[in-house]
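**Student:**
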Amino acid sequence: MAMGILAKLRAAVRDVPDFPKKGIVFKDITPVLSDPALFRASIDLFLERCRGRKIDKIVGIDARGFVFGSAVAYELGVGFVPIRKRGKLPYQTEVAKYSLEYGEAEMEMHVDAIIAGDRVVLLDDLLATGGTSAAAAVLIRKAGGDLLEAQFLIELESLHGRHQLEPTSVTSFLKY
Ligand code: AMP
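So the number in this note's numbering is just where the residue sits in the sequence shown, counting from 1, plus 1.
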């Protein structure tokens, strides 16, 4: 992948200050999605990390992880599994709690979404504190999934989220 594409992706990610609350700088990836060349380029980054590996399922995190994850799963010809915020999935679920800055949140996965031994890649738009993806990793492992790697378009390095995910290997493409 040419350097140019990473610079273009970085330039397209929009900083929105004080969203969803004061003090947070939200990294808005919708300008990447709406640009055909950049959307394709972002999917290609994930694909390059996945090609040549035996993967059974891509797991995407609610909600932007669904956008990237489904395109990657489609291209690889593997299944897609959504991990969602509590209360959104209709069937029986396994739940994982994690802590936020204030209080707790919960992520859910369908009990039959991952079969023991499935080789899984976890994917989301952005790694911040790592709480969300660490909860997702717990759900994947509880189901017997073999979590090969977690991949993110963006990593906010100052929050050290990748440590929360240990021992899972973490790949990100745009580091801030
Ligand atoms: P965390 O659990 O702190 O790693 O947060 C990761 C989840 O929250 C991901 O699903 C992100 O999409 C979202 N998120 C957290 N911080 C930001 C941010 N500054 N900009 C955009 N999305 C964020």
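Just so it is clear, CB atoms sit at the ideal spot from N, CA and C, and this is done for glycine as well.
Since we're looking at a predicted model, the values are computed, not measured.
Confirm, please, whether the CB-CB distance from P83 to F69 is below 8 angstroms.
**Tutor:** The answer is no: Cβ separation not under 8 angstroms.
**Student:** Locate the alpha helix (DSSP H) running through G66, then write down its first and last residues.
**Tutor:** Looking at the DSSP string, the run of the alpha helix (DSSP H) that includes G66 is 65-77.
**Student:** Any heavy atom of the ligand AMP closer than 7 angstroms to the Cβ of R65?
**Tutor:** Under cutoff, so the answer is yes.
**Student:** Buried or exposed for R85, going by 16 or more other Cβ atoms inside 10 Å?
**Tutor:** R85 should be labelled buried.
**Student:** Would DSSP call G80 helix, strand or coil?
**Tutor:** DSSP places G80 in strand when its eight states are reduced to three.
**Student:** H164 by DSSP, collapsed to three states: which one?
**Tutor:** It is helical.
**Student:** Using the C-alpha atoms, what's the distance from S35 back to T133?
**Tutor:** The straight-line gap from Cα to Cα measures roughly 25 angstroms.
**Student:** Can you tell me whether DSSP reads G187 as helix, strand or coil?
**Tutor:** This structure leaves residue 187 out entirely; the chain is present only between 2 and 177.
**Student:** List the endpoints of the continuous alpha helix (DSSP H) containing F174.
**Tutor:** Run containing F174: none in the alpha helix (DSSP H); it sits in the beta strand (DSSP E), 171-176.
**Student:** In chain order, what residues of the same chain lie with their CB nearer than 7 angstroms to the CB of D119, ignoring the 5 residues before and after it?
**Tutor:** Taken in chain order, the residues that qualify are D57, K58, G146, D147.
**Student:** May I ask whether a heavy atom of the ligand AMP can be found less than 7 angstroms away from the beta carbon of I25?
**Tutor:** Yes, Cβ of I25 sits closer than 7 angstroms to a heavy atom of the ligand AMP.
**Student:** Would you call the CB atoms of L160 and L175 closer than 8 angstroms?
**Tutor:** No, these two residues do not count as a Cβ contact at 8 angstroms.
**Student:** Who are the near neighbours of Y92 in its chain, counting only those whose CB is closer than 8 angstroms to its CB and skipping five residues on each side?
**Tutor:** The answer, listed in chain order, is H111, V112, D113.
**Student:** Would you say the beta carbon of A138 is closer than 7 angstroms to some non-hydrogen atom of the ligand AMP?
**Tutor:** No, since every heavy atom of the ligand AMP falls outside the 7 angstroms radius drawn around the Cβ of A138.
**Student:** In this structure, how does DSSP classify F153 when only helix, strand and coil are distinguished?
**Tutor:** Of the three classes helix, strand and coil, the one that applies to F153 here is strand, per DSSP.
**Student:** Given K28, which residues of its chain have a CB within under 7 angstroms of its CB, disregarding the five upstream and five downstream residues?
**Tutor:** Around K28: V14, D16, L127, I155.
**Student:** DSSP three-state call for L46: helix, strand or coil?
**Tutor:** Three-state result, L46: helix.
**Student:** Using the C-alpha atoms, what's the distance from G80 back to I141?
**Tutor:** Answer to the nearest angstrom: the Cα atoms are 14 angstroms apart.
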